[in-house]
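Chains as they are written, first to last, in my numbering: chain A, 1 to 480; chain B, 481 to 985. Okay, structure first, notes after.
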Amino acid sequence: MTVEMLNLKPALPEMFLLGMTCLILVIDLFLTERSRGATYLLSQVTLLVTAVLAITGYSAETTLSFNGTFVLDPMGSVLKIAVLVATVVVFLYSKDYLRARDLFKGEFYVLGLFGVLGMMILVSAHNFLTVYLGLELLSLSLYALVAMHRDSAAASESAMKYFVLGAIASGMLLYGMSMIYGATGTLDLSAVHAQVATMDGNNLILVFGLVFLIVGIAFKLGAVPFHMWIPDVYQGAPTAVTLYIGTAPKIAAFAMLMRLLVDGMGSIHAHWEDILVLLSIVSLAVGNVVAIAQANLKRMLAYSTISHVGYLLLGVLAGTASGYAASMFYIIVYALMSLGGFGMIILLSRAGFEAERLEDFKGLNERSAWFAFMMLILMFSMAGVPPFLGFWAKLVVLKAVVDVNLVWLAAVAVVFSIIGAFYYLRIVKLMYFDKPEDGSALEASADMRVMVSANGLLVLGLGIAPEALMSLCAAALHVH
Amino acid sequence: MFSDLPLLSLVIWVPIIGGALVLATGSDRNAIEARVLGLLIALATFVLSIPLFTNFDPNTAAMQFTESHKWIETFDIWYRLGVDGIAMPLILLTTFMTVMVIISAWEVIQYKAAQYIAAFLIMEGLMNGVFAAVDAALFYVFWEAMLIPMFLVIGIWGGPRRVYATIKFFLYTFLGSVFMLVALIYLYNKTGSFDILDFQAAKLGMTPQILIFLAFFLAFSVKIPMWPVHTWLPDAHVEAPTGGSVILAAIMLKLGAYGFLRFSLPIAPDASNELSLIIIVLSLIAVVYIGFVALVQQDMKKLIAYSSISHMGFVTLGFFMAFAIYRRTGGLDGAAMGVEGGIVQMISHGFVSGAMFLCVGVLYDRLHSRQISDYGGVVNSMPVFAAFMVLFAMANAGLPGTSGFVGEFMVILSAFKANFWYSFLAALTLILGAAYTLWMVKRVIFGKVTSDAVAALQDINGREFLFLGLLAVLVLLVGVWPAPLLDVMHATVNNLLHHIMQSKL
């Protein structure tokens, strides 16, 4: 591990992104409505170049910079690349949707890019303050994005809800950090880790701090009982924004979990393991059971997210390197499936029509057999049926808990996956077994069609050959 | 000429890729192309599966036609294929029955014909994969993936209550399978590989064995299905289109029985021994009680569905009696006869139940009813069809000279060596089976012509004659000359029995 006073190189992608985002903010001021496409293109180029910088910066070594507040490690690099690629896809999916609803504004892209910057900082955080900095940059961008459709009452309501609850969660997190600072006397995560290892695990301030940290993390991830905001925000926000919230920030939230609990509090794993077991079980239960009752697809996917968070926690709570790698694999797979799911909603919607009710998927097989098949792949993948990618994600996290002799927990998790299968099957049922309500052909641009197809086929293809992604995650966490 | 081809991979992937090609023919305007292409692919797959039989070495219990490639290194999962004397005949059954199904669907399926045929081809590849997989993760992938095409087949082309039936089918089987997944992960954790042969060799304590056995039991008993988790089957059968019923009865039910032989018995022999009495009791309940239930059915498909459950009871009885016979006789010969009888019963039931469902399909295509009471005197208008139906009904009732007799007779005979009452109760099926099958035939085929519609029925055409005739030949062939079938499984069954009689504790 090399520590230098001010080594800027590890943060090169972030600095590039920051510079470009400010530039886009200024350029956008001088653009007319008709040439707004330039903002879109510039944003995409920015994200792609940032991704290239992140890939070239990949190194198996761990490097600290900015006085040890910023870390570049393989896990961080992989997660950043995933965040950037996911955002590229999000921007692509949302372009036509925003155009049709008069929301095609520079703000969407600038806020989106600032959000990405926040995520990248969060992913690379190695100090409580950097964690908080990244988190707030991300959260504030998200609040504004949700409220962007300002004439919509539902969007404004959900933005308000999101803001208030999010602020409380941030407060909790900050409170937890301050307690741990009080107990250990440091904000640096490595130092906290070393300090905590020497302390009595039952130190009251430390335990309180830990609990508050977990509350903050659980809120950002959307684990039960801190999940209340997810269904309302997912449903209320414009689908393009829901797509954004439901994908890349989840990867960042996973990174936050890893940084705070594993890098920071890893030495008292036994203390947080049971809390995560509990969060995981209730998330699986509430997510899967409540999803059944939903008639709105965005809301259903919101509860599905909650249940996926339950699975995600399984790998982390195992407390082994292979368990962390399993969860990392899970979150990347989840982001990919989630992109496809919301992508399909956008694909089916058109000006003046949001395809967000379950009924809107009726008879899709008659309207477009190809996209019905893509949705079938995504739904079975989310349900965890092989040969799709979602199955391997479930397999690796289940293996992680079986490895630490929590076979009963694996059994509980699979029971909930059966309940979960029901509501994914219902979508397939609507698409294949019912007659369409309107037989009109799909209206979607070519780039949208190609991307959704690629997204679906990737879930199938990586399901048949998951080795590359699995070994990438394993290498990122130094398994073996 | 076939010896250097990767035959097992071919019988898995030719139909799957072929199914994708059939899908590419698109809408129903190209239905003819889809049918012809589908039939050619099914025939090619069947031809590719024949060398598995002709080049099979019956003197060894080892896996044959093996293929082995690294698949997922991180978890040491391999693409490992191989067949022994138990799996090989089942692959042939699968490839043969798929050809029958595609012929039987020819003019009958007009709505989305390409998707229908593609679903069956893909299902064929996946089922062959289940029988050929020697890696547990690979096995599980095929095992679960197979549910998707069947789910769609019942749901898209099924009857009025198809949605209820197909979701019940999916969730029931999914419920069983996920616990098997946990058991497989546990075994991987113990042995460090996903190789089924390593699982079989692993030493396990009694408690883990019982838990593993129960997890597998849940998966396989739902699939077979055994009483009391059989309720999805009559629903699925009644609502499924003819082809779906045929594949469900002829092959999918066999997967559960195959799972017992491949996983439950060899991986947890002590638990199997310990719990064998429970399985025997459940099997006998299936044989006797479900036989009575079949007797009172009004719907022909439901009747055959219950008869399937009853017949599959023989299979599990044959497998799990082995321990009792070994304890009483000290030798493996009696046990081997029971297990082999069970396997012969699987193959025979594949032909017979498939044929019975096809017969009902033939009637349904003409009158659009499966109610027994809507028919009567069919022999007057459809004499050729009546001859076939009576033959298959006799086989279903276990008449000597048909394939149905061989397996049942072997199981009943070896049951005497275990316990008189097992064989007494099992032998009741000869009466019950005859009662419910022949009574149905009497009411449907014989008697007075009940309605003008029945009087106006057209006898079977050349296409229908073809598939019923081929099945009739096979039913009789296995009935009078089962030796080739028994020869290929002797070594494998003996090896299996040797293995399971050694305690793993």
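Positions of the beta carbon are idealized from the N, C-alpha and C atoms, including for glycine.
Residue environment, residue i, which counts as buried when at least 16 other CB atoms sit within 10 Å
i: A:Trp-408; result: exposed
i: A:Asp-274; result: exposed
i: B:Lys-592; result: buried
i: A:Pro-466; result: buried
i: A:Asn-455; result: buried
i: B:Gly-811; result: exposed
i: A:Ser-307; result: buried
i: B:Ser-931; result: exposed
i: A:Lys-9; result: exposed
i: B:Ile-512; result: exposed
i: A:Leu-145; result: buried
i: B:Thr-687; result: exposed
i: B:Met-481; result: Summary for B:Met-481: the model assigns pLDDT 49, below 50, so the residue's position carries little reliability; its value from the coordinates is reported in the next sentence. By the neighbour-count rule (16 or more Cβ atoms within 10 Å), B:Met-481 is not buried but exposed.
i: B:Pro-992; result: A question about residue 992 of chain B goes unanswered here, because the residues of chain B that appear run from 481 up to 985.
beta-carbon residue i near the ligand SAH non-hydrogen atom, thresh 7 angstroms
i: A:Thr-63; result: Of the ligands one can find in the structure shown there are none, so the ligand SAH has no counterpart to examine.
Distance CB(residue i)-CB(residue j) smaller than 8 angstroms
i: A:Thr-39; j: A:Tyr-93; result: no
i: B:Ser-1030; j: B:Val-955; result: No information on residue 1030 of chain B is available, as it lies outside the stretch 481 to 985 that chain B covers here.
i: B:Val-973; j: B:Val-795; result: no
i: A:Arg-34; j: A:Phe-104; result: no
i: B:Asn-975; j: B:Ala-541; result: yes
i: A:Tyr-97; j: A:Ser-417; result: no
i: B:Ile-827; j: B:Val-958; result: yes
i: B:Leu-517; j: B:Val-502; result: yes
i: B:Val-924; j: B:Gly-856; result: yes
i: A:Ala-169; j: A:Lys-220; result: yes
i: A:Gly-134; j: A:Met-148; result: no
i: B:Pro-714; j: B:Gly-638; result: no
Per DSSP, cross-strand counterpart(s) of residue i
i: B:Lys-550; result: B:Trp-558
i: B:Phe-868; result: BP columns for B:Phe-868 are empty, so no partner.
i: A:Phe-353; result: A:Arg-350
i: B:Asp-615; result: B:Asp-675
i: B:Gln-544; result: B:Val-563
i: A:Ala-125; result: A:Phe-70
For residue i, three-class secondary structure by DSSP
i: A:Ser-53; result: At residue 53 of chain A the sequence reads Leu, which differs from the Ser that was named. Here A:Leu-53 sits in helix by DSSP.
i: B:Thr-505; result: coil
i: B:Asn-510; result: helix
i: A:Phe-388; result: coil
i: A:Thr-63; result: strand
i: B:Asp-675; result: strand
i: B:Arg-850; result: coil
i: B:Gln-539; result: Correcting the residue identity first, residue 539 of chain B is Asn in this sequence and not Gln. Residue state, collapsed to three classes: coil.
i: A:Asn-405; result: coil
i: A:Val-71; result: strand
i: B:Asp-779; result: strand
i: B:Phe-926; result: coil
i: A:Asn-455; result: helix
i: A:Ala-223; result: coil
i: A:Ala-475; result: helix
i: A:Asn-203; result: coil
i: A:Ala-444; result: coil
i: A:Ala-295; result: coil
i: B:Asn-1015; result: No answer is possible for residue 1015 of chain B: the residues shown for chain B start at 481 and end at 985.
Residues that residue i contacts on chain C, provided the C-beta gap is smaller than 7 angstroms
i: B:Glu-624; result: Annotation note: the requested chain C is absent from the structure, which comprises protein chains A and B.
- Which residues, in chain order, does the segment 662-673 of chain B contribute to contact with chain A at a C-beta distance below 8 angstroms? So the close ones are Val-662, Ile-665, Tyr-666, Tyr-668 and Asn-669.
* Asked: Using a beta-carbon distance cut-off of less than 8 angstroms, what residues from the segment 393-421 of chain A approach chain B?
  -> Against chain B - using a Cβ distance shorter than 8 angstroms - the residues of the segment 393-421 of chain A are Leu-395, Val-396, Leu-398, Lys-399, Val-402, Asp-403, Val-407, Ala-410, Ala-411, Val-414, Val-415, Ser-417, Ile-418 and Ala-421.
(request) Can you give me, in chain order, the residues of the segment 646-661 of chain B that have a beta carbon less than 7 angstroms from any beta carbon in chain A? (result) Within the segment 646-661 of chain B, Ile-647, Phe-650, Leu-651, Phe-654, Leu-655, Val-658, Phe-659 and Leu-661 place their CB atoms closer than 7 angstroms to a CB of chain A, listed in sequence order.
Task: Proximal residues, the segment 367-396 of chain A versus chain B, C-beta separation under 9 angstroms - done: Listed by position, the residues of the segment 367-396 of chain A near chain B (Cβ gap below 9 angstroms) are Ala-369, Phe-373, Leu-376, Phe-380, Ala-383, Gly-384, Val-385, Pro-386, Pro-387, Phe-388, Phe-391, Trp-392, Lys-394, Leu-395 and Val-396.
Original post:
Taking any Cβ of chain A, which residues in the segment 627-644 of chain B have a Cβ under 9 angstroms from it, in chain order?
Top reply: Using a CB distance below 9 angstroms, the part of the segment 627-644 of chain B facing chain A consists of Leu-627, Ile-628, Phe-631, Leu-632, Gly-635, Ile-636, Gly-638, Arg-642 and Val-643, ordered along the chain.
Exercise for the section: Using a Cβ-Cβ cut-off of less than 8 angstroms, give me the residues of the segment 542-564 of chain B that come near chain A, in sequence order. Expected result: Within the segment 542-564 of chain B, contact with chain A at the beta-carbon level (separation under 8 angstroms) is assigned to Trp-551, Ile-552, Glu-553, Thr-554 and Phe-555.
Using Cβ-Cβ distances below 7 angstroms, what residues of the segment 462-478 of chain A are close to chain B?
-> Within the segment 462-478 of chain A, the qualifying residues are Pro-466, Glu-467, Met-470, Ser-471 and Ala-474.
At a CB distance below 8 angstroms, what residues from the segment 302-322 of chain A approach chain B? Give them in sequence order. Residues: none.
For the segment 421-436 of chain A, list every residue whose C-beta sits within 9 angstroms of some C-beta in chain B, in sequence order.
Those residues of the segment 421-436 of chain A that come within reach of chain B (Cβ to Cβ, closer than 9 angstroms) are Ala-421, Phe-422, Leu-425, Arg-426, Val-428, Lys-429, Tyr-432, Phe-433 and Asp-434.
- request: Please name the residues in the segment 589-607 of chain B whose beta-carbon is closer than 7 angstroms to at least one beta-carbon of chain A, in chain order.
  value: With the criterion set as a beta carbon lying under 7 angstroms from some beta carbon of chain A, the segment 589-607 of chain B has no members that meet it.
| query | Using a Cβ cut-off of 7 angstroms, which residues of the segment 783-798 of chain B contact any Cβ in chain A, in chain order? | reply | Sequence-ordered contacts of the segment 783-798 of chain B with chain A are nonexistent [C-beta pairs closer than 7 angstroms].
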